[in-house]
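Input: a single structure, listed below in structure tokens.
This is how it looks when you write it as structure tokens:
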């Protein structure tokens with residue numbers, strides 16, 4: 550999706566200038582060390598009460614075991630969350646996806662923070678955090694991954710977003726966690742890296758019909774369909790869906806692979822079981838098991854994030870796969886990802902998206918991905934990586 554164009558030096562960020570994040574003016578200051586910007590405070594000094602809200606609203610902790618409440622959260626996000634610049638598409642996270650994204654091992658229910666209208670009890674804003682262990686260079690840090698900041702469109706003038714951010718920060722601090730990771734499509738102080746989305750057409754006719762992509766110069770629809778045609782079945786011997794019995798082998802592969810990146814998650818087997826074991830229309834993972842030795846040698850995965858198609862008479866949804874974590878050891882990465890495209894096409898996805906993180910640049914052009922105009926900026930809260938990193942040095946994918 551297209552991200553709004555922002556000139557970081559031209560805009561003041563009054564809220565972020567008060568926060569322990571890298572500031573635009575810090576970049577040239579070689580005296581600033583990497584690592585925590587502010588030390589932890591004694592827990593006795595963390596504010597005990599929630600931050601005040603405007604009088605018509607109240608805080609509400611969202612219990613995602615409650616189907617009715619989950620439906621309310623789904624509706625809030627489906628109608629008010631991220632859209633592209635042209636207002637043609639809006640992310641449409643499924644209820645099953647939200648449960649998966651927000652309830653990893655050792656999650657804190659208090660970090661699923663809603664704001665309700667006092668009278669109607671209608672959910673009008675939300676922010677979430679989930680706990681993670683993230684390695685920055687040689688430093689494994691307990692962090693919160695902050696996501697799903699959403700304010701109802703009619704309340705955007707109420708300045709609720711900074712209060713939501715302060716409140717989730719307070720609740721994270723109460724668990725003695727002092728750092729966080731998050732992404733945004735806009736430039737704030739200060740990204741550790743900026744990534745670009747790339748898109749691979751799987752159903753080019755539909756993508757053109759809904760305005761997601763357009764016919765290339767001197768291209769007909771039939772030539773375009775031929776250009777993006779894929780084989781009917783994966784080509785790599787031993788390519789199969791991941792199962793519960795594979796968790797230990799996939800964890801070993803992933804830990805060894807992610808160790809080469811400057812910033813990456815520190816996954817254990819519980820994390821891998823939660824984040825990568827296949828769930829229908831949520832996350833898909835495939836691996837290569839050697840037909841001779843039965844060793845698991847390679848791994849690829851993608852998650853499912855449809856977009857609502859706005860103002861189109863023929864289509865209401867675009868089914869999109871997003872590249873997640875991939876490890877190619879014995880199988881060439883390009884071949885492994887071609888098999889991922891094939892299974893996504895078999896499962897009726899319309900488009901396969903990938904960021905230019907990790908080694909992804911090694912397959913994007915060759916597998917006919919095209920660069921999108923959407924950028925995703927990665928941020929760390931209360932943790933400095935002074936000179937930033939390249940997208941290819943980032944081993945972290947946030948949903």
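Residue numbers (the numbering used here): 550 to 948.
Positions of the beta carbon are idealized from the N, C-alpha and C atoms, including for glycine.
Note that the structure is predicted; figures quoted are calculated from it, not measured.
ask   = What are the residues that DSSP puts in a beta bridge with residue 661?
value = Here residue 661 is taken as the residue at index 112 of the chain shown, counted from 1. Note: residue 661 sits in a beta bridge opposite 677.
message = How far does the alpha helix (DSSP H) with residue 773 in it extend, from its first residue to its last?
response = Counted from its first residue, the chain shown places residue 773 at position 224. That run of the alpha helix (DSSP H) goes 770-776.
query = Out of 693, 896 and 888, which has the shortest C-alpha to C-alpha gap to residue 786?
reply = Against the chain shown, residue 786 aligns to sequence position 237. Nearest C-alpha to residue 786: 888.
query = Can you name, in chain order, every residue of its own chain whose Cβ lies under 7 Å from the Cβ of residue 603, other than the five neighbours on each side?
reply = Residue numbering aside, residue 603 sits at position 54 when the chain shown is read from its first letter. Closer than 7 Å at the Cβ level, and outside the excluded window around residue 603, lie 707.
task = Excluding the 5 residues preceding and the 5 following residue 663 in the sequence, name in chain order all residues of the same chain whose CB lies nearer than 6 Å to its CB.
result = One-based indexing of the chain shown puts residue 663 at position 114. The answer, listed in chain order, is 609, 611, 672 and 675.
query = Do the stretch 707-718 and the stretch 747-755 touch if we need at least three Cβ pairs shorter than 8 Å?
reply = no
request  = Mark residue 601 as exposed unless 16 or more other C-beta atoms lie within 10 angstroms of its C-beta, in which case mark it buried.
outcome  = Mapped onto the chain shown, residue 601 falls at position 52. Counting Cβ neighbours within 10 Å, residue 601 comes out exposed, since fewer than 16 surround it.
request  = May I ask whether a heavy atom of the ligand ADP can be found less than 7 Å away from the beta carbon of residue 593?
outcome  = With respect to the ligand ADP, the structure offers nothing, as it holds no ligand at all.
request  = Quick one: give me the first and last residue of the alpha helix (DSSP H) that residue 796 is part of.
outcome  = Your numbering for residue 796 matches position 247 in the chain shown. That run of the alpha helix (DSSP H) goes 796-807.
inquiry  = Measuring only the C-alpha atoms, how far is residue 616 from residue 643?
reply    = As a working note, residue 616 is residue 67 in the chain shown. As a working note, residue 643 is residue 94 in the chain shown. So the alpha carbons of these two residues sit roughly 12 Å apart.
ask   = DSSP on residue 614, reduced to helix/strand/coil?
value = Within the chain shown, the letter at position 65 stands for residue 614. Residue 614: coil per DSSP, three-state reduction.
Cβ-Cβ distance between residue 953 and residue 927 below 8 Å = Nothing in the structure corresponds to residue 953, since the chain is present only between 550 and 948.
ask   = With 16 other CB atoms within 10 Å as the buried threshold, where does residue 528 fall?
value = In this structure the chain extends from 550 to 948, so residue 528 is not present and cannot be described.
message = If you reduce the DSSP assignment to three classes, tell me which class residue 565 lands in.
response = The count along the chain shown starts at 1 and reaches residue 565 at position 16. Helix.
task = Could you say if the stretch 839-850 and the stretch 630-643 meet the contact criterion of at least three C-beta pairs nearer than 8 Å?
result = no
ask   = For residue 932 versus residue 678, is the C-beta distance shorter than 8 Å?
value = The count along the chain shown starts at 1 and reaches residue 932 at position 383. The count along the chain shown starts at 1 and reaches residue 678 at position 129. No; because the gap between Cβ atoms is not below 8 Å, this pair is not in contact.
query = To the nearest angstrom, how far is it from the Cα of residue 659 to the Cα of residue 680?
reply = In the chain shown, the residue the question calls residue 659 occupies position 110. In the chain shown, the residue the question calls residue 680 occupies position 131. Cα-Cα distance, rounded: 12 Å.
ask   = Are the stretch 906-918 and the stretch 639-654 touching by the rule of at least three beta carbon pairs closer than 8 Å?
value = Contact between the stretch 906-918 and the stretch 639-654 is absent: fewer than 3 CB-CB pairs across the two stretches fall below 8 Å.
query = Can residue 726 and residue 812 be called in contact, C-beta distance under 8 Å?
reply = Reading the chain shown from its first residue, position 177 is the one you call residue 726. Reading the chain shown from its first residue, position 263 is the one you call residue 812. Note that the C-beta distance between residue 726 and residue 812 is not below 8 Å.
task = Note down, in chain order, each residue of its chain lying with its Cβ closer than 8 Å to the Cβ of residue 882, except the 5 sequence neighbours on either side.
result = On the chain shown, position 333 is the one that residue 882 refers to. The beta carbon of residue 882 lies closer than 8 Å to those of 875, 908, 911 and 912 in the same chain, with the five residues before and after it left out.
ask   = For residue 722, which of helix, strand or coil comes out of DSSP?
value = As a position in the chain shown, residue 722 is number 173, starting the count at 1. Three-state DSSP puts residue 722 in a helix.
request  = Quick one: residues in its chain with C-beta nearer than 6 Å to the C-beta of residue 905, no 5 flanking neighbours on either side, listed in chain order?
outcome  = Along the chain shown, read from residue 1 onward, the residue named residue 905 stands at position 356. Answer for residue 905: 744, 745 and 940, listed in chain order.
ask   = Considering only the beta carbon of each residue, do residue 790 and residue 929 sit closer than 8 Å?
value = Within the chain shown, numbered from 1, the residue matching residue 790 stands at position 241. Within the chain shown, numbered from 1, the residue matching residue 929 stands at position 380. No, the Cβ-Cβ distance between residue 790 and residue 929 is not below 8 Å.
query = Given a threshold of 16 other Cβ atoms within 10 Å of its Cβ, counted over all protein chains shown, does residue 936 qualify as buried or as exposed?
reply = Numbered from 1 along the chain shown, position 387 holds the residue referred to as residue 936. Residue 936 is exposed by the Cβ-count criterion.
task = Given a cut-off of 8 Å, decide if residue 620 and residue 641 are closer than it, judged by their beta-carbon atoms.
result = Here residue 641 is taken as the residue at index 92 of the chain shown, counted from 1. Here residue 620 is taken as the residue at index 71 of the chain shown, counted from 1. Not a contact, by the Cβ cut-off of 8 Å.
request  = Could you please give me the residues that DSSP links to residue 876 through a beta bridge?
outcome  = The count along the chain shown starts at 1 and reaches residue 876 at position 327. According to DSSP, which records beta bridges pairwise, residue 876 is partnered with 848.
message = For residue 688, report the span of its beta strand (DSSP E) as first-last.
response = Within the chain shown, the letter at position 139 stands for residue 688. Looking at the DSSP string, the run of the beta strand (DSSP E) that includes residue 688 is 688-700.
key: Those residues which DSSP pairs with residue 902 across a bridge   = Counted from its first residue, the chain shown places residue 902 at position 353. Answer by DSSP bridge pairing, in chain order: 748 and 871.
Those runs of the beta strand (DSSP E) which lie wholly inside the stretch 911-940 and span at least 3 residues = 919-930
request  = Might you give, ordered along the chain, the residues of its own chain that have their beta carbon closer than 6 Å to the beta carbon of residue 722, omitting 5 neighbours on each side?
outcome  = Translated into positions along the chain shown, residue 722 becomes position 173. For residue 722, where only same-chain residues beyond five positions count, the Cβ hits under 6 Å are 595.
request  = Going by CA-CA distance only, name the one from 854, 778 and 861 that's closest to residue 873.
outcome  = Translated into the one-based positions of the chain shown, residue 873 becomes position 324. Closest by alpha carbon: 854.
inquiry  = At the level of alpha carbons, what is the spacing between residue 867 and residue 846?
reply    = Indexing the chain shown from 1 puts residue 867 at position 318. Indexing the chain shown from 1 puts residue 846 at position 297. If you take the alpha carbons of residue 867 and residue 846, they lie about 33 Å apart.
query = Within this structure, are the beta carbons of residue 695 and residue 815 separated by less than 8 Å?
reply = Numbered from 1 along the chain shown, position 146 holds the residue referred to as residue 695. Numbered from 1 along the chain shown, position 266 holds the residue referred to as residue 815. For residue 695 and residue 815, no; Cβs fall outside 8 Å.
task = Compute the Euclidean distance between the alpha carbons of residue 947 and residue 871, then round it to the nearest angstrom.
result = As a position in the chain shown, residue 947 is number 398, starting the count at 1. As a position in the chain shown, residue 871 is number 322, starting the count at 1. Their backbone Cα atoms lie some 11 Å apart in a straight line.
query = Among the residues of its own chain, which have a CB less than 6 Å from the CB of residue 885, if the five just before and after it don't count?
reply = Start at 1 with the first residue of the chain shown, and residue 885 comes out as number 336. Within the same chain, residue 885 has close Cβ partners 847, 849 and 877.
ask   = Taking residue 599 as the reference, which of 593, 607 and 592 has the closest Cα?
value = Taking the first residue of the chain shown as position 1, residue 599 is located at position 50. Measuring from the Cα of residue 599, the nearest candidate turns out to be 607.
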